[in-house]
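Okay, structure first, notes after.
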Amino acid sequence: METENILYTDGSCIGNPGPGGWASIIIINDIKTTLSGSDEKTTNNKMEITAVIKGLEQFPKNSSVKIFTDSEYVINTMTKNWKRNTNLDLWNRLDSLVINRTIEWNWVKGHSGNKLNDEADLIANGEAKKIIEKKKLTHLNKEGNAQMVDTSTKGITERIAIVSGKILMKKETLDTALEGNLKKGDLFSVAKTSGINAAKWTHLLIPMCHPIPVSNVVIDIVPNHDLPGLEITSTVKANWNTGVEMEAFTAVSITCLTIFDMCKSLDKSMKIEDIHLVHKAGGASGEYIYS
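888 is the number of the first residue of the sequence shown in our numbering; add one for each residue after it.
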């Protein structure tokens, strides 16, 4: 007796582009399996193709599969040769799966009462909504009031954060600072020390920050005669269960303020600007690189 292979698929996207989800319902001889996944930044079309790909991967080569989807985009591209202007990588993956299988394509009208199609739609939407839920502000409770985030369930990993910023000043001010002729002393050693201290005491300045046992803080101050001014970078590391981005931000900010304090008798027009996160690593959210 020939095996009956059925696949229901759907994709969803909130915003389009935006966070999206996909779902595949696989039925082999009345045994149902469900697969699903998500992408933080995608499109509805990408999720619809992905659902078919992920589902078809579960069927062996040379098998016959009946595919049901409410995606005209997928159905018409595969059966009516609609032009493939985008998502070529996904279409190539789908082609490589289809060529080794016998496919019966079936279009289902969405939200028409088809139980399995509605189930796939519900799961795909749920995957997209999970991303939205994860991105909600964790420093607010259900009532919208400020709260400290409970990090007790988070794993201890190496955390790294790099933040940079600039302080612009007159050329004469920069020259005096570099010559070491400031009345308040050596600009670089004092400013670096203040930045390191700031990183270690961030939790006393920002109410909802956790005390973090930082393992290393490095402050780099580099003259830039084209600005003219100084470019400041802080690198903060810790083996802990929450990130050190705020420590790195605080380090750069206080370093800049210390420079302002030490140079203000010469130049009150100095400007602090462009403080931003350059890189972070570690934790559930993974790596971030500024681009």
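Here a beta-carbon is modelled for each residue, glycine too, at the ideal position from N, C-alpha and C.
Contacting residues, own chain, Cβ-Cβ under 6 Å from residue i (five flanking each side not counted)
i	result
E1160	K1053
T1120	S1051 and D1107
V1010	According to the sequence displayed, residue 1010 carries Ile and not Val. Counting only Cβ-Cβ distances below 6 Å, and skipping sequence neighbours, we find A910 and S923.
T1089	C1096, M1133, E1134 and T1137
Proximity below 8 Å, CB of residue i to CB of residue j
i	j	result
S899	A1015	yes
A1078	T1129	no
L894	K953	yes
L922	G902	no
P904	T920	no
L977	I940	yes
I1074	K1158	At residue 1074 the sequence reads Leu, which differs from the Ile that was named. No; because the gap between Cβ atoms is not below 8 Å, this pair is not in contact.
Member of the options whose CA lies at the smallest distance from the CA of residue i
i	options	result
A1138	N1111, P1098, A1064 and I1083	I1083
C1096	T1038, L1055 and E1059	T1038
D1005	G1072, K1087 and I912	I912
A1168	M1157, K1021, N1126 and T1145	N1126
W992	I1018, S951 and H998	S951
L1061	Y1175, K928 and C1150	C1150
L1069	W994, L1153 and N968	L1153
I914	L1003, S1156, G1072 and N1103	L1003
Backbone CA spacing between residue i and residue j [nearest angstrom]
i	j	result
V1105	E1045	16 Å
T973	P906	18 Å
G1116	L1092	27 Å
K1179	A1064	A query on residue 1179 cannot be resolved here, the shown segment of the chain reaching from 888 to 1178 and no further.
K842	T964	For the chain, the structure presents residues 888 to 1178; residue 842 sits outside this window and is missing.
V1131	S958	44 Å
I936	R980	10 Å
V1165	T890	54 Å
P1110	I1018	42 Å
K933	D926	10 Å
E944	L984	7 Å
K1041	E1134	19 Å
V961	Y1175	33 Å
G997	N931	14 Å
E1118	N968	55 Å
Cβ neighbour criterion (16 or more within 10 Å) applied to residue i
i	result
A1033	exposed
N916	exposed
L975	exposed
G1170	buried
I1047	buried
M1035	exposed
Cβ neighbours of residue i in the same chain (closer than 8 Å, five flanking residues each side left out)
i	result
H1163	V1050, S1051, G1052 and Y1177
A938	T896, D897, G898, W909, A910, S911, T956, A1007 and A1011
V1101	A1086, K1087, V1123, K1124, A1125, V1131 and E1134
Residues of its chain near residue i, where Cβ-Cβ distance is below 7 Å and the 5 sequence neighbours each way are ignored
i	result
F946	N892, V952 and R988
S1081	I1141, T1142 and T1145
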